[in-house]
Amino acid sequence: MEEEAQLILFDSIFRTCMLREMEARSIIHLWREGRFPERAQEK
């Protein structure tokens, strides 16, 4: 029973990390394309 709980916990952590990575990549992609106005004005 305890092992199953650990697997569920690990799975939720793994999913969260994957989601964060996807968010970070999309933010970096938008930043490189100059979609953030405050960044674009600095250039």
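Sequence positions in the sequence shown follow the numbering used here and run 3 to 45.
Glycine is no exception: its CB is placed at the ideal position from the N, C-alpha and C atoms.
Exercise. Alpha carbon to alpha carbon, what distance is there between GLU5 and ARG37?
Worked result: The residue given as residue 37 occupies position 35 in the sequence shown. The residue given as residue 5 occupies position 3 in the sequence shown. Near 45 Å, if we compare the C-alpha coordinates of GLU5 and ARG37.
Problem set entry | Length of the line joining the Cα atoms of SER28 and THR18 | Within the sequence shown, numbered from 1, the residue matching residue 28 stands at position 26. Within the sequence shown, numbered from 1, the residue matching residue 18 stands at position 16. Looking at the two C-alpha atoms, the distance is approximately 15 Å.
For this session: Whole angstroms is fine: what's the gap from MET3's alpha carbon to ILE15's?
Result: As a position in the sequence shown, residue 3 is number 1, starting the count at 1. As a position in the sequence shown, residue 15 is number 13, starting the count at 1. Straight-line Cα distance between these residues: approximately 19 Å.
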